[in-house]
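Chains as they are written, first to last, in this note's numbering: chain A, 1 to 119; chain B, 120 to 238; chain S, 239 to 357; chain Y, 358 to 476. The block underneath contains the structure these notes are about, expressed in structure tokens.
4 protein chains.
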Amino acid sequence: MTQTAGHMSSEMQQCIQECLTCHSVCLTTVQYCLQMGGRHAEARHITTLLDCAEICQTSANFMLRGSELHTRTCGVCAEICERCAQDCDQFGDDAQMRACAEECRRCADSCRRMAGMAA
Amino acid sequence: MTQTAGHMSSEMQQCIQECLTCHSVCLTTVQYCLQMGGRHAEARHITTLLDCAEICQTSANFMLRGSELHTRTCGVCAEICERCAQDCDQFGDDAQMRACAEECRRCADSCRRMAGMAA
Amino acid sequence: MTQTAGHMSSEMQQCIQECLTCHSVCLTTVQYCLQMGGRHAEARHITTLLDCAEICQTSANFMLRGSELHTRTCGVCAEICERCAQDCDQFGDDAQMRACAEECRRCADSCRRMAGMAA
Amino acid sequence: MTQTAGHMSSEMQQCIQECLTCHSVCLTTVQYCLQMGGRHAEARHITTLLDCAEICQTSANFMLRGSELHTRTCGVCAEICERCAQDCDQFGDDAQMRACAEECRRCADSCRRMAGMAA
Numbered sequence: 001m002t003q004t005a006g007h008m009s010s011e012m013q014q015c016i017q018e019c020l021t022c023h024s025v026c027l028t029t030v031q032y033c034l035q036m037g038g039r040h041a042e043a044r045h046i047t048t049l050l051d052c053a054e055i056c057q058t059s060a061n062f063m064l065r066g067s068e069l070h071t072r073t074c075g076v077c078a079e080i081c082e083r084c085a086q087d088c089d090q091f092g093d094d095a096q097m098r099a100c101a102e103e104c105r106r107c108a109d110s111c112r113r114m115a116g117m118a119a
Numbered sequence: 120m121t122q123t124a125g126h127m128s129s130e131m132q133q134c135i136q137e138c139l140t141c142h143s144v145c146l147t148t149v150q151y152c153l154q155m156g157g158r159h160a161e162a163r164h165i166t167t168l169l170d171c172a173e174i175c176q177t178s179a180n181f182m183l184r185g186s187e188l189h190t191r192t193c194g195v196c197a198e199i200c201e202r203c204a205q206d207c208d209q210f211g212d213d214a215q216m217r218a219c220a221e222e223c224r225r226c227a228d229s230c231r232r233m234a235g236m237a238a
Numbered sequence: 239m240t241q242t243a244g245h246m247s248s249e250m251q252q253c254i255q256e257c258l259t260c261h262s263v264c265l266t267t268v269q270y271c272l273q274m275g276g277r278h279a280e281a282r283h284i285t286t287l288l289d290c291a292e293i294c295q296t297s298a299n300f301m302l303r304g305s306e307l308h309t310r311t312c313g314v315c316a317e318i319c320e321r322c323a324q325d326c327d328q329f330g331d332d333a334q335m336r337a338c339a340e341e342c343r344r345c346a347d348s349c350r351r352m353a354g355m356a357a
Numbered sequence: 358m359t360q361t362a363g364h365m366s367s368e369m370q371q372c373i374q375e376c377l378t379c380h381s382v383c384l385t386t387v388q389y390c391l392q393m394g395g396r397h398a399e400a401r402h403i404t405t406l407l408d409c410a411e412i413c414q415t416s417a418n419f420m421l422r423g424s425e426l427h428t429r430t431c432g433v434c435a436e437i438c439e440r441c442a443q444d445c446d447q448f449g450d451d452a453q454m455r456a457c458a459e460e461c462r463r464c465a466d467s468c469r470r471m472a473g474m475a476a
């Protein structure tokens, strides 16, 4: 994206990338959870993963549009990523869920910085 | 939506409807503004309309998924709708812009109630 | 939407409305299915409902933007709605699934007309 | 995405990546065009860029969900990317527009392969 987004701070470029990656990981994890069934497929858990995927997409789009309001969407994205990470933590040593939790936390950190929020 | 969303409060059903209407009006207004050109088509104004359309869609989707986190997306949606309404106010007696501002304010009011925020 | 979309044919306005309704019904049905569990919550079925919800949203947005390319998105939307309806048919006399199948077929019909496809 | 999408073919992983990149480039190009004004900001051109960004996002999401129906969305995505590339070609030696056209063609090629379409 260097050429086409040269005016963006590297911090914003990184945040966009985290949001897109977190979006992808959450959608992939939804499929994994539905195939696992049982506790993995509980409505509340699938909903949180879908919530996280969607707000990451929205948050990335605000930054890609160069919107001044991106601090607001990054703020709510950080909160929802953090919640999703906590949800994924409950599955202990399941590798997919741990990878998802880690990506959610990386994205939450990055969004929190963009939103100018204290950790 | 009565049959398929019978468990929802009527306040939430109304908020979903406002978000979907506001999303539609903002996207239609983008076209109007691009065709008008000049001040209507300034980057900052088009971006705000696209921001408002997208956060309304996201906010509606959180409610349709029955997500507990809808208060967060409704909160940020209220803020962005309010900003978009102020932007549209600047065009004085342009009927399309006034209709858009009015819908943004109705949606902001409804989202604010869902978010439990004071006006 | 009368005031803000006065230039649209009434057939297109109706198709936008069907797409928005079908999107809402599919998302609501995802929640219902996840809460039912069992066959309702099979990965393939949930995926089809999410697919249908998303392409309906995309198809509505193309029309709202006044895009010439809406015939293409309406075409693929009609196919996916039809597939989703068939999936929902398998649940016999389950009222929610039947309502979802009916809305998917209404939306498929409307999109097929917009796409200029034969039934 | 290696860990979380290990079951995907490398061709699909590449197509997802092209769709996400093309989506990002198109949204960034919308901002560029709105700031340039004049012919860059014509309604039809901005609409095509927004169309392309949205169908790329939708197409990526179908693949990320593991949907069988991704061949359909990839097919229409290839068509719309190709159209967007042709639109961008009209701006001659403008570096941003050329970069956008190139990414749209890369994405169209990749989507065409996923859709099993002949070039």
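A virtual CB, placed ideally from N, CA and C, is assigned to each residue, including glycine.
Which word fits A/D93, buried or exposed, when buried means at least 16 other C-beta atoms lie within 10 angstroms of its C-beta? In the first sequence, the residue the question calls residue 93 of chain A occupies position 93. A/D93 should be labelled exposed.
Can you give me the C-alpha to C-alpha distance between Y/E368 and Y/E375, rounded to a whole angstrom? Within the fourth sequence, the letter at position 11 stands for residue 368 of chain Y. Within the fourth sequence, the letter at position 18 stands for residue 375 of chain Y. Per the coordinates, the alpha-carbon of Y/E368 lies some 11 Å from the alpha-carbon of Y/E375.
Can a CB atom of chain S be found closer than 8 Å to the CB of Y/R440? The count along the fourth sequence starts at 1 and reaches residue 440 of chain Y at position 83. Yes - at least one Cβ of chain S is within 8 Å of the one on Y/R440.
Extent of the continuous alpha helix (DSSP H) run through S/H308: Numbered from 1 along the third sequence, position 70 holds the residue referred to as residue 308 of chain S. H308 to D327 is the span of the alpha helix (DSSP H), which, as asked, contains S/H308.
So, at 7 Å on beta carbons, what are the nonlocal neighbours of B/A234 in its own chain, with the 5 sequence-adjacent residues on each side left out? The sequence position of residue 234 of chain B within the second sequence is 115, counting from 1. For B/A234, where only same-chain residues beyond five positions count, the Cβ hits under 7 Å are T190, C193, G194 and A197.
Please compile the residues from chain B whose C-beta is within a distance smaller than 7 Å of the C-beta of A/V30. Here residue 30 of chain A corresponds to residue number 30 of the first sequence, with the count starting at 1. In chain order: nothing, as chain B lies at least about 12 Å away.
Against chain Y, with Cβ distances strictly below 8 Å, would A/S24 count as a contact? Within the first sequence, the letter at position 24 stands for residue 24 of chain A. So yes, A/S24 belongs to the interface.
Counting only beta-carbon separations shorter than 8 Å, does B/I199 have a partner in chain Y? For the purposes of this step, residue 199 of chain B is taken as residue 80 along the second sequence, with counting starting at 1. By this cut-off, B/I199 is not an interface position.
Does the stretch 180–189 of chain B come close enough to the stretch 94–109 of chain A to have 3 or more Cβ pairs within less than 8 Å? At 8 Å Cβ cutoff, the stretches do not touch.
Is it a yes or a no for the stretch 28–39 of chain A touching the stretch 158–170 of chain B, going by three-plus beta-carbon pairs under 8 Å? The answer is no - the stretch 158–170 of chain B does not touch the stretch 28–39 of chain A, with fewer than three Cβ pairs under 8 Å.
Can you tell me the Cα-Cα spacing of Y/L407 and Y/T415, whole angstroms? Translated into positions along the fourth sequence, residue 407 of chain Y becomes position 50. Translated into positions along the fourth sequence, residue 415 of chain Y becomes position 58. Near 12 Å, if we compare the C-alpha coordinates of Y/T415 and Y/L407.
Could you tell me whether any Cβ in chain Y is nearer than 8 Å to the Cβ of B/I165? Translated into the one-based positions of the second sequence, residue 165 of chain B becomes position 46. So, interface residue.
So, is the C-beta of Y/T430 closer than 8 Å to a C-beta in chain S? Residue numbering aside, residue 430 of chain Y sits at position 73 when the fourth sequence is read from its first letter. By this cut-off, Y/T430 is an interface position.
Counting C-beta neighbours from all protein chains within 10 Å, is the total for B/A218 16 or more, i.e. buried, or is it exposed? Within the second sequence, residue 218 of chain B is the residue found at index 99, counting from 1. B/A218 is buried by the Cβ-count criterion.
In chain S, which residues lie less than 8 Å from B/Q176 when you measure between Cβ atoms? Counting from one through the second sequence, the residue named residue 176 of chain B turns up at place 57. Residues of chain S passing the Cβ test: Q295.
Since S/E292 and Y/N418 are thought to touch, with beta carbons under 8 Å apart, how far apart are those beta carbons, to the nearest angstrom? Your numbering for residue 292 of chain S matches position 54 in the third sequence. Your numbering for residue 418 of chain Y matches position 61 in the fourth sequence. With a beta-carbon spacing of about 6 Å, S/E292 and Y/N418 fall inside the 8 Å limit used to define contacts.
Cα-Cα separation between S/G276 and Y/S366, rounded to whole angstroms: Position 38 of the third sequence, counting from 1, holds the residue named residue 276 of chain S. Position 9 of the fourth sequence, counting from 1, holds the residue named residue 366 of chain Y. About 29 Å.
Tell me the rounded alpha-carbon separation between Y/Q371 and Y/C468. Your numbering for residue 371 of chain Y matches position 14 in the fourth sequence. Your numbering for residue 468 of chain Y matches position 111 in the fourth sequence. Distance between the alpha carbons of Y/Q371 and Y/C468 is about 10 Å.
Helix, strand or coil: how does DSSP classify A/A115 here? Within the first sequence, residue 115 of chain A is the residue found at index 115, counting from 1. It is coil, neither helix nor strand.
What residues of chain D sit near S/Q273, judged by a beta carbon separation below 8 Å? This model lacks chain D altogether; the protein chains it does include are A, B, S and Y.
For B/L169, which residues in chain A fall below 7 Å Cβ to Cβ? The residue given as residue 169 of chain B occupies position 50 in the second sequence. Within chain A, the residues R65 have their CB atoms less than 7 Å from the CB of B/L169, given in chain order.
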